[in-house]
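Numbering follows the working numbering, with no gaps: position 22 of the sequence shown is 22. Glycine included, each C-beta is placed from N, C-alpha and C at the ideal position. As structure tokens, the structure follows; a few thoughts come after it.
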Amino acid sequence: MSSAPAPTPPTPSEPGPFMSLHTALVLLIAVVIGLIVGGLSFLSGTPAAGAVLAGLISTGGSVPVLRTLIG
């Protein structure tokens with residue numbers, strides 16, 4: 001009695017990167033912009049909390065713009 005060889009299970013493919021290069025570049029530039037805006041706000045006499053808020057707002061606001069510009 002001959003039997004056919006058992007099928008071999010498929011080998012798992014290697015997972016892709018956690019984050020694409022485009023996403024990493026956009027987020028990195030957005031953080032740099034936020035740090036610059038926050039630092040300049042603080043140096044101009046804004047209280048620290050206001051400077052942090054300005055940096056966060058500029059970081060979040062620059063992400064969609066950078067996403068369309070860097071393509």
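- From the listed residues P7, L53, V63, the smallest Cα separation to V37 is found for L53.
- In the structure shown, P47 falls within a coil segment according to DSSP collapsed to helix, strand and coil.
- When only Cα atoms are considered, L35 and P47 end up about 15 Å apart.
- With a beta-carbon spacing of about 5 Å, R67 and V26 fall inside the 8 Å limit used to define contacts.
- Each residue's CA atom was taken as its position, placing V65 and P12 some 37 Å apart.
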